[in-house]
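Chains as they are written, first to last, in the numbering used here: chain A, 586 to 1085; chain B, 121 to 589.
Reading through the structure tokens given below for one structure.
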Amino acid sequence: MWKITKKELLANIITFRFTIGTVLFLGLIVLLMTILLGDYAQKLERYNELVAKESEELRQTMTYQNLKPTIHQPPEILSFFSRGIEDNLAKEADINISTVPIPKGSYTSTNPLLSIFSTPDITLIFNLVISLLILLLVYDAVSGEKEEKTLALILSNSIPRNQVLFSKFLGALITISIPITLGFLVAGLILLFSPIISLTADDWLRIALIYFVSLITAGTLCSIGLFISSVTRQASQTLIILFFLWVVFIFAVPNLSTYLATEIINVESRESVDSQADELHQEMNKKIEEFIAQNPFSGNQIESDANEPHGSYMRFATKSYVRYGQKVWAFAGPLTIDYADKEWQLRKTYLEKLESQGSLAELFSFISPLSTYENLISALSRSDKAGSKRFHEQAAEYRRQLVKYLEDKKAFSSIRYIATVKEEHLFEPKDIKEYSELREKYEEKNPQPLNLEDLPRFHFSTENVAATVKRILPGLGLLSFTGILFFLCAYVAFLKYDVR
Amino acid sequence: MTGNIIRKELLTNITSLRFLLALAVSIALFVAGGFIFVSRYNQEMSEYSEKTNNNLARLNEASKNLSEVANYVQMIQRMPKLTRLFCSGFEKTLPNTFQTDVFKVEIPEVNNDMNFFISRFVDLDWMFVISLILSFMAILLTFDSLSGEKERGTLPLALSNSVPRDTVLLGKYLGAIITLAIPLLLGLLINLIIVNLSGLQFDSGQWLKIAAFMGLSILYLSIFLLLGMLVSSRSPKSSTSIVILLFIWVVLVILIPSTGRLIAEKFVRVPTRTEVDRMIHEAVTEIWNNSERYGKNAGSWAGNNLKVDWINPPARARLYNAVTDAKNRINEDYVNKMVEQVNLGRNTTKISPVTLYQTISEAVFGIGVPRFQSIFSQTARYKDVLKEFLIAEDKKDPESLHLLAWRHEVIFSQKPVDFNALPKFAESDISMKEAMKIAFWDLSALVIINILLFATIYVSFLRCDVRQR
């Protein structure tokens, strides 16, 4: 049996189509990796810039009401392998007390016109080049040898048919694993020696798993090819059928499964959710207005405003006005948090609907092994639904920390919520003369920013590989099962095959 | 003679398995695409008219007061187009809400129900089926047109008759084109029936565009037919030519177009929305810090009280016009940057005929990015037209201070205005002349590629050794 495998392997390797396929595949991998590395370097630089700017702004924050950090998601190295839905989602989140951060479309922060482009990744090259290469390797495995009459010759020896078929399968799989392995080696070396990239053990493990899944997919494709080859009479027919199957797998299935999913699960429009959220805000504002109507301000409203990036604050104000502000915010602060939670409940239902739509589309796309492969790789590359959602989940968690921080500091009822003026500098001027005198004395020319050293900082943590593997197991199982099933079908078909 | 060869080619083609499978796949996709489109179109159309009517109703309400009309932010919707069945121009994900009052045009917003948890998927429009599936079919149709006949030994046989080689070549080429035209015409017929059954109709202008698109599609597909014949005439075996052709196809049709975004992001930097907001904030702060530049006491205001002597309404109006002008400028720069970025990505990927085909089709149908750009500038023009109208109306009001500034209603006429006389926004399509201007070079490139390929094949085939090796 090994002899046949060896023969198949050698016969495959010396073919022109194999050589040119391998060379092209490697060339494309190198080219793509170079482009993606450049892109990654740029994104990383941009990310670092934004983070630095953000922490600078945080250092200069004057009042708690303007403590509204923006957090950023670091660019994902593994998205080289699969972009998944990376480009769909915004990579930043505004953290403040009035809203819980939710996943947002990338058009909210970047150029929406770029959505006309798709983005290349290694999976795309695999799906196009490797799968076509596999088709070209196996299409004539049975029908071709029949045509050349060598099949009858082989079977006239005392070799069982199952061994012949299995050797052919193995031969094709080993052949195709040569370019796959070389491709991963090249990609791995580029990643290893690139100065801007440092991969963790978890990342390397993921890359190894991506390699492994690629091999399984290749095996499944080989057995589908063998099956078609053993049910057709002519190699040229096999090739044409395989090509069309390929077109269906790669273009038709993903599109139609998305369409079906959006038809089956109805999601209310985003605008209607937005208007419901608006109503909530109005309700909240009404409550605040009521509070203000019940507790009208009396006294001197004298203040001096100053700007900071997220709003304004008072550098100087009368005692009565500051006290009043403290009183209003002690009421409005917790109320805002309350309403943020209410809005979150509303948006959560909407997001869950969107997610289940996504899951259903994924489920339908399992019909195509190539889509399945894409789904698995994007999970391993942390660019699938769960991976992209993670940032916003952690953003929401970070907001909880911020809220707790403010509550612990009793920020809402403190002067520093609205003003930088010191407690002992609060006063009530009797007349305009005293006012200008005191103002001269107490207005802060260089107010001190808040001491935020004990404010928790945001760190994005990624899912560990074990959890991802657990998630992809069903898909991986299905893919392997499809492979085995088609091999068995090919076996049955081959047993009945008329080799003459 | 040519006729005979065409007939023979056509018959062999359409009786082949590959043709039947391609026909089945493309027709299935055309039909699915047609049904999906019609149901979505009706839904979008009703949403569009609801929103547009809503906007007009609110404008009507505002017309009780001239200065309220000036400050009312209109939500202009992009109208869904019936010709999106053929070329969607990726409009699904492009900004579709344009907002303007008479002072400033806002950055257009994306208001759609795209599910960002689903990886990007393209519309099943004709563009998609033709540029991917039919181009693939074109290659499958021609990869063995010459090398296969060489292998079977029929080519020397055909040429041993008194048929000139160029006639054989032309016959094969035309035969293949007619073969490919069959699914196109059949698909068109089926889609027309689907469209008609759902009560929709194309007007004569649209028919012209569809015809132009059909011609363009043939021109595009012809590139792949010619490529197939070229490679086929140069390679000894058809199994070799299919490998080479597949890789050419993968690179041209899928890989090159997909690098557009990376190239665009590398060479043009578009600020994020947060940065744009920051820029506006800074510009406005700068204006406010130098408010005296616009006249004495420009920075002071007393609500609706015009009797106070320390305010200076003309200076105030100048200040606020400076503010809105600055916003306008920044927004416009941002939108121009957006367009510049996407066009760079488009232009660099024009090495691929797919991108050429896309840009020309978008120009022909007046859809996609060119349409976005056009609506944005039309909105700006509309803003000016409305402003002039309001200023003329205001002149008739003796009580008005005749000063128009954002959010300063009291210095402008408070009189009602005839709603019917108010200019309303109406999108004008990109005319054929403008389309020609946008797409002229792309179209020329497409034609030249065809001619060059044909000339190369001609020379190559004349020198080709037709004997079986």
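All residues carry an ideal CB built from backbone N, CA and C; glycine is no exception.
According to DSSP, is residue i part of a helix, a strand, or is it coil?
{"i": "V636 of chain A", "result": "helix"}
{"i": "E874 of chain A", "result": "helix"}
{"i": "L1023 of chain A", "result": "helix"}
{"i": "E1038 of chain A", "result": "coil"}
{"i": "M195 of chain B", "result": "strand"}
{"i": "E1029 of chain A", "result": "coil"}
{"i": "Q219 of chain B", "result": "strand"}
{"i": "G488 of chain B", "result": "coil"}
{"i": "E226 of chain B", "result": "coil"}
{"i": "G690 of chain A", "result": "strand"}
{"i": "L867 of chain A", "result": "One point to set straight first is that residue 867 of chain A is Gln, not Leu, in the sequence displayed. Q867 of chain A: helix per DSSP, three-state reduction."}
{"i": "G423 of chain B", "result": "coil"}
{"i": "A418 of chain B", "result": "coil"}
{"i": "G729 of chain A", "result": "helix"}
{"i": "P572 of chain A", "result": "Residue 572 of chain A lies beyond the range of chain A shown here (586 to 1085); nothing can be said about it."}
{"i": "W526 of chain B", "result": "coil"}
{"i": "E947 of chain A", "result": "helix"}
{"i": "I795 of chain A", "result": "helix"}
{"i": "M618 of chain A", "result": "helix"}
{"i": "L652 of chain A", "result": "coil"}
{"i": "P536 of chain B", "result": "coil"}
{"i": "W246 of chain B", "result": "helix"}
{"i": "F1043 of chain A", "result": "coil"}
{"i": "E1048 of chain A", "result": "coil"}
Excluding sequence positions up to five away, which residues of its chain have a Cβ less than 7 Å from the Cβ of residue i?
{"i": "V222 of chain B", "result": "A190, K503, L506, K507, L510"}
{"i": "T172 of chain B", "result": "Q197"}
{"i": "E642 of chain A", "result": "P894"}
{"i": "L582 of chain B", "result": "R285"}
{"i": "L758 of chain A", "result": "A803, G804, C807"}
{"i": "L709 of chain A", "result": "none"}
What does DSSP give as the partner residue(s) for residue i in the beta ladder?
{"i": "M899 of chain A", "result": "A:D890, A:A1004"}
{"i": "E677 of chain A", "result": "A:H657"}
Kindly list the residues whose CB is nearer than 6 Å to the CB of residue i, restricted to its own chain and excluding five residues on each side of it in sequence; keep chain order.
{"i": "A422 of chain B", "result": "V428, I431"}
{"i": "D1039 of chain A", "result": "none"}
{"i": "Y909 of chain A", "result": "F882"}
{"i": "I250 of chain B", "result": "S337"}
{"i": "W929 of chain A", "result": "V685"}
{"i": "V798 of chain A", "result": "L961"}
Residue j and residue i - do their beta-carbons sit closer together than 9 Å?
{"i": "K927 of chain A", "j": "L991 of chain A", "result": "no"}
{"i": "S481 of chain B", "j": "C207 of chain B", "result": "yes"}
{"i": "T655 of chain A", "j": "T394 of chain B", "result": "yes"}
{"i": "Y578 of chain B", "j": "L289 of chain B", "result": "yes"}
{"i": "P593 of chain B", "j": "L372 of chain B", "result": "The question about residue 593 of chain B has no answer here: the residues shown for chain B are numbered 121 through 589."}
{"i": "I687 of chain A", "j": "S963 of chain A", "result": "no"}
{"i": "I873 of chain A", "j": "V907 of chain A", "result": "no"}
{"i": "G884 of chain A", "j": "E1013 of chain A", "result": "yes"}
{"i": "S694 of chain A", "j": "T576 of chain B", "result": "no"}
{"i": "L261 of chain B", "j": "N133 of chain B", "result": "yes"}
{"i": "K184 of chain B", "j": "P536 of chain B", "result": "yes"}
{"i": "F901 of chain A", "j": "Y1002 of chain A", "result": "no"}
{"i": "T220 of chain B", "j": "A403 of chain B", "result": "no"}
{"i": "D68 of chain B", "j": "Q534 of chain B", "result": "For chain B, the structure presents residues 121 to 589; residue 68 of chain B sits outside this window and is missing."}
{"i": "Y649 of chain A", "j": "L1035 of chain A", "result": "yes"}
{"i": "G295 of chain B", "j": "I126 of chain B", "result": "yes"}
With 9 Å as the threshold, decide whether the Cβ of residue i is near any Cβ in chain C.
{"i": "T135 of chain B", "result": "No chain C appears in this structure, whose protein chains are A and B."}
What ranges does the alpha helix (DSSP H) occupy inside the stretch 262-334 of chain B, keeping only unbroken runs of at least 4 residues that lie completely in it? Counting only runs of 4 or more, we get 267-272, 274-280, 285-317.
What residue ranges within the stretch 545-583 of chain B form continuous beta strand (DSSP E) runs of no fewer than 3 residues, ordered along the chain? Correct list: empty.
Alpha helix (DSSP H) runs contained entirely in the stretch 953-1020 of chain A, provided each spans 4 or more residues: Listed in chain order, they are 954-965, 970-993.
May I have a chain-ordered list of the alpha helix (DSSP H) segments no shorter than 4 residues that lie completely inside the stretch 153-214 of chain B? Uninterrupted alpha helix (DSSP H) stretches at least 4 residues long and entirely within the stretch 153-214 of chain B occur at 186-191, given in chain order.
For the stretch 432-503 of chain B, list the alpha helix (DSSP H) runs that are entirely contained and at least 4 residues long, ordered along the chain. Listed in chain order, the complete alpha helix (DSSP H) runs (minimum 4 residues) inside the stretch 432-503 of chain B are 433-468, 473-485.
Which parts of the stretch 731-782 of chain A are runs of the alpha helix (DSSP H), unbroken and 4 residues or longer, counting only runs that do not cross its ends? Taken in chain order, the complete alpha helix (DSSP H) segments of 4 residues or longer contained in the stretch 731-782 of chain A are 735-741, 746-778.
Which complete alpha helix (DSSP H) runs does the stretch 354-402 of chain B hold, if anything under 4 residues is left out? List check, alpha helix (DSSP H) in window: 358-369, 380-387.
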